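Chains as they are written, first to last, in our numbering: chain A, 95 to 345; chain B, 393 to 700.
For glycine and all other residues, C-beta sits at the position ideal for the given N, C-alpha and C.
Computed from a predicted structure; not experimentally measured.
Shown next, in structure tokens, is the structure this report addresses.
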């Protein structure tokens, strides 16, 4: 039974990813927006914070770690978040309107499988691209600025937060957005993901920048983990709404 | 005969509005069952109940003698819904492959190949569905509904929005599925001509109530009862017309150059009309007891249902 559930979920994930990556316009928009945003923010933090710090005779390592951590965090958050923004519309609104969801519900698949699979499908490509961007940015700034002077810089807490916990936040958001989108007006789900990314990224960068919740600290990781857990809990709380009739009528 | 679909006293309300009011009917094995009704009559709600998408508020729904909510039952049903639910950015073959995996169909590749041939899309197997016309999409949806070799097909207006040649093609596919593969088809349609051509039994729903239900042939002859068309093969004289009109039991309705149409009163049969005319030296070339067309039945029933 459990194997069947996992197999069905895996099947829908595979098909949804396959269908989404053929959507050329959202894919192009996603890649352009992500490249521009990551490059822009990386440039700003390098010019404003890292370069002046590196000009000092003995650079403050913790300061350098903080700002390189913010850059990696931003690259990850944008990579995953922008993908969610670009494809949530197709994943929920279009597929509901085109009857893909209703057709799946009429098969022996469970509504929960469909929800979980679609939430993961919209997250995986963004995760891959986001982490790839973050790794590339991390290697680039290390080779250009740090290795010749002070060696390879990567704070372990910044790495944990950026590469593990930030994706977890967006996975939880994807679950919530899909649940809301499936069981009520699909536009509400779109609104949630559109608002979340800029608000979340801004708050986290500012808190870290102002040393309230530094990305290099375990508290930053814990706060983000807490946020992911809270969103998951809300989703679980709302799971009771996942009824076939509600999903169809909300279309 | 074994009932494949059995709906008994089903009611369903949505948003406080009663959509289905105590409906009952059954579909027998190998039927092509036409489900007719105007927009908003309750056809789609019935289909959603049959597919386990909606729960009936009361009554009993069984497909193949089992509860529709069982996964085992749903495996025996194929469907084409109002919105086809195909993935535009996947090929025809991949769309079918996805459903073969959902239903764990063995030898899926062979099955897909055969189905694409059945719906005349074998030459477009590798093309993206977004390049397909409405007719091709509906044919592909029909193929998808059969990937798991279901016993029952539930089709919601499969020819809607399809051009006439596409409609003919889809109709032929439905007939082939029913006759060659011995499947039971539940066809919801607005197209009365289509239903009249391919269905053997029908139900007519209006404002949530079944207004007419039964074997189409019997309904047509039953509803057309009384209409007799006589072809005289010679012009009808004025004196004959006066004589016929003078016999109200014959119920002359219409007189054309060489044709007389009667709606005889009770106790008067086609033989009485023929002997009446024969006694007056009228040569009779043909006499037909007219069957009502489905369109006439439909209009008649809906007219009766209109609030006065």
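Beta-carbon proximity list for residue i, same chain, < 7 Å, skipping 5 on both sides
i	result
residue 700 of chain B	Residue placement at residue 700 of chain B is poorly supported in this model, since its pLDDT is 45, which falls under 50; the coordinates still yield a value, given next. Answer for residue 700 of chain B: no residue qualifies.
residue 465 of chain B	455, 456, 458, 459
residue 246 of chain A	236, 240
residue 665 of chain B	620, 622, 642, 654, 656
residue 590 of chain B	424, 563, 566, 567
residue 669 of chain B	622, 676
Cβ-based burial, residue i [other Cβ within 10 Å; buried from 16]
i	result
residue 619 of chain B	buried
residue 190 of chain A	buried
residue 175 of chain A	buried
residue 446 of chain B	buried
residue 537 of chain B	buried
residue 106 of chain A	buried
residue 327 of chain A	exposed
residue 318 of chain A	buried
residue 325 of chain A	buried
residue 251 of chain A	buried
residue 207 of chain A	buried
Below-9 Å beta-carbon distance, residue i vs any chain B residue
i	result
residue 272 of chain A	no
residue 113 of chain A	yes
residue 149 of chain A	no
residue 334 of chain A	no
residue 295 of chain A	no
residue 182 of chain A	no
residue 278 of chain A	no
residue 116 of chain A	yes
residue 249 of chain A	no
Residue i vs residue j beta-carbon contact at 9 Å
i	j	result
residue 481 of chain B	residue 332 of chain A	no
residue 477 of chain B	residue 275 of chain A	no
residue 282 of chain A	residue 185 of chain A	no
residue 473 of chain B	residue 437 of chain B	no
residue 584 of chain B	residue 693 of chain B	no
residue 227 of chain A	residue 132 of chain A	yes
residue 500 of chain B	residue 539 of chain B	yes
residue 163 of chain A	residue 313 of chain A	no
residue 625 of chain B	residue 646 of chain B	no
residue 450 of chain B	residue 401 of chain B	yes
residue 202 of chain A	residue 467 of chain B	yes
residue 532 of chain B	residue 488 of chain B	yes
residue 209 of chain A	residue 257 of chain A	no
9 Å Cβ cutoff, residue i in contact with chain A
i	result
residue 457 of chain B	no
residue 482 of chain B	yes
residue 547 of chain B	no
residue 469 of chain B	yes
residue 535 of chain B	no
residue 562 of chain B	no
residue 700 of chain B	Bear in mind that a pLDDT of 45 at residue 700 of chain B, under 50, signals an unreliable position, so the model cannot answer this.
residue 475 of chain B	yes
residue 440 of chain B	yes
residue 486 of chain B	yes
residue 443 of chain B	yes
residue 447 of chain B	yes
residue 425 of chain B	no
residue 490 of chain B	yes
Nonlocal neighbours in the same chain, by C-beta distance under 6 Å from residue i, ignoring five residues either side
i	result
residue 434 of chain B	411, 412, 597, 600
residue 425 of chain B	419, 578, 593
residue 547 of chain B	472, 579
residue 448 of chain B	402, 404, 441
residue 151 of chain A	none
Distance between residue j and residue i (C-alpha atoms, nearest Å)
i	j	result
residue 134 of chain A	residue 198 of chain A	42 Å
residue 343 of chain A	residue 581 of chain B	21 Å
residue 543 of chain B	residue 654 of chain B	45 Å
residue 51 of chain A	residue 290 of chain A	Nothing about residue 51 of chain A can be read from this structure; chain A reaches only from 95 to 345.
residue 681 of chain B	residue 656 of chain B	11 Å
residue 104 of chain A	residue 687 of chain B	49 Å
residue 462 of chain B	residue 453 of chain B	12 Å
residue 255 of chain A	residue 293 of chain A	17 Å
residue 221 of chain A	residue 170 of chain A	8 Å
residue 336 of chain A	residue 321 of chain A	23 Å
residue 404 of chain B	residue 415 of chain B	10 Å
residue 608 of chain B	residue 266 of chain A	55 Å
residue 307 of chain A	residue 166 of chain A	16 Å
residue 469 of chain B	residue 574 of chain B	14 Å
residue 363 of chain B	residue 182 of chain A	Outside the shown range of chain B, which is 393 to 700, sits residue 363 of chain B, and nothing can be said about it.
Beta-carbon contacts of residue i that lie in its chain and below 8 Å, excluding the five residues immediately before and after
i	result
residue 514 of chain B	505, 508
residue 180 of chain A	120, 121, 123, 124, 127
residue 96 of chain A	none
heavy atom of the ligand FAD below 8 Å from residue i C-beta
i	result
residue 196 of chain A	The ligand FAD is not part of this structure, which contains no ligands at all.
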